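In the numbering used here, the protein residues as written are 1 to 496. Don't be surprised by glycine CBs; every beta carbon is placed ideally from N, CA and C. A quick note: this is a predicted structure, and the numbers were derived from the prediction, not measured.
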Ligand code: ADP
């Protein structure tokens, strides 16, 4: 049963790539055995070689990792006592959390009820309002209430933002500039909502000009709640985060305190158990508005870990095992500053179109205060079947300037050959006056791109040398093309 003191001995990681590797690292540090899964077209992943057991999923591509029945069967077969969903895929599917629970396994995350409640943007807004937290002026409509929705948009004034209540990752959301374009945009968003998120409700809300995205990391055990300070995730493209940092630069102490307090009120009001993130937008005239709650580990959790020293995956596991928080608020401090850049397989010079190819060379320079998170084994196919994020790089320093300089260096020495990435843009942003000053807001991307050179810069000497030796190796006569690499030691195997 879902008891108060379940010791996790074996953890099934129901995910792939860098987040699977990240969860595995903590599990192994805590002496927990890991069971990993892979789609049959997705074998070039480093963490598979370090798993205690690996199991193939029958499908290919994104859908393979959504196979609930298969994952539950694997968990039983492997003798797992818990399932960590990572982020994306099944992490916020309440029905999966319930099925994990019904199978007498621990789901590493909040209860199915909390996931269902907060996963709905409209329901989450209502809860926030009940807690006295400001929300952006807005109202929820059914797909067939187009005329009412249009009248409401006129009432609150354009521009407006249409959001599918079940949407996520910046999708199912579109700006409407004026009355004339409302109907077209409404129909597009309704179609996306139904197709991608199986939902038919749309929130019409005021489009806030030039806000910052600031979010608060929280943790609760159903009774007690703590926050682990905030992250600034304002550097975005297509309403999706690209660069995150902790703490938020230049945040007035009063605003910081208000955000932390609002997040905690929400956690207390819902009896939240596990870790999560309460997201806000903050305007230049010091207004803040609740956006949503993410009931899972965030992609950007690492910057919080770097400044607080708290392993958030370990915290999730602890709460799941003991049903209590191991830390009190006074034990959590912020030291220094951390920045994360997401490396995407996409072309920033071509409207961020996803790129495909095969990564033949992937070299990064480790340093004591940097984290490079990926699970790439070359040759690594990028076929557009999975999320475009390839890796994450994180740096920290005593000051923001130090973390930023370290990031600029890390990006300059990051070698990835075979697909177009946003690495050059990330490096450009690190030196951009707007970012240097800590003044980026969520709509700054066009400004950041305006000075981004059209031409690719020449390769740095060390990259050119690496590339030339890699190409020489591939060009050797009689040498067969490299096979899809299966990491050494990779096989379905029993306990070590
Ligand atoms: P998702 O679940 O898709 O991530 P969010 O509600 O978290 O959606 O919003 C994602 C991003 O969209 C925010 O970080 C912000 O940049 C932008 N956004 C959301 N709501 C508004 C709004 N009312 N006005 C302006 N920008 C918004």
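DSSP beta-bridge partners for residue 303?
None; residue 303 has no bridge partner.
Close Cβ partners of residue 105 (< 7 Å) along its chain, the five nearest in sequence each way excluded
75, 80, 81, 82 and 83
Please name the residue in 326, 295 and 452 whose C-alpha comes closest to that of residue 114.
295
Give the DSSP bridge partners of residue 206, in chain order.
160
Residue range of the beta strand (DSSP E) that residue 119 falls in?
Where residue 119 is concerned, there is no enclosing beta strand (DSSP E), although the alpha helix (DSSP H) it sits in stretches over 112-119.
Among 362, 383 and 394, which one has its Cα closest to the Cα of residue 372?
394
Near ligand 1: residue 213 beta-carbon under 7 Å from a heavy atom:
yes
Using three-state DSSP, classify residue 294 as helix, strand or coil.
strand
Counting only the same chain and skipping the five closest in sequence on each side, list residues whose C-beta sits under 6 Å from that of residue 438.
249 and 250
Does the Cβ-Cβ distance between residue 162 and residue 270 come in under 8 Å?
no
State yes or no: is the C-beta of residue 86 within less than 8 Å of the C-beta of residue 14?
With respect to the 8 Å criterion, residue 86 and residue 14 are classified as neighbours on the basis of their beta carbons.
Ignore the nearest five residues each way along the sequence and tell me which others in residue 17's own chain have a CB closer than 6 Å to its CB.
Only 375 meet the Cβ criterion.
Work out the CA separation of residue 200 and residue 187 for me, nearest whole Å.
11 Å
I'd like the list of long-range same chain contacts for residue 108, defined as Cβ closer than 8 Å, with 5 residues on each side in sequence excluded.
Taking C-beta separations shorter than 8 Å and ignoring five residues to either side along the sequence, the partners of residue 108 in its chain run 11, 82, 83, 84, 85, 274, 316, 317 and 320, following chain order.
Helix, strand or coil at residue 282 [DSSP, three-state]
strand
Same chain only: Cβ atoms within 6 Å of residue 55, ignoring 5 sequence neighbours per side:
So the qualifying residues of the chain are 37 and 74.
Name the residue from 328, 423, 414 and 403 whose alpha carbon lies nearest to the alpha carbon of residue 364.
414
What is the rounded straight-line gap between the Cα of residue 111 and the Cα of residue 425?
39 Å
Quick check: what's the CA-CA separation for residue 299 versus residue 455?
30 Å
Could you check whether the Cβ of residue 349 sits closer than 8 Å to any Cβ belonging to chain D?
No chain D appears in this structure, which consists of one protein chain only.
Nearest residue (CA-CA) to residue 399, options 223, 443, 427 and 334
It is 334 whose Cα lies nearest to the Cα of residue 399.
Mind checking whether residue 499 and residue 124 have CB atoms under 8 Å apart?
Outside the displayed span of the chain (1 to 496) sits residue 499, for which this structure offers no information.
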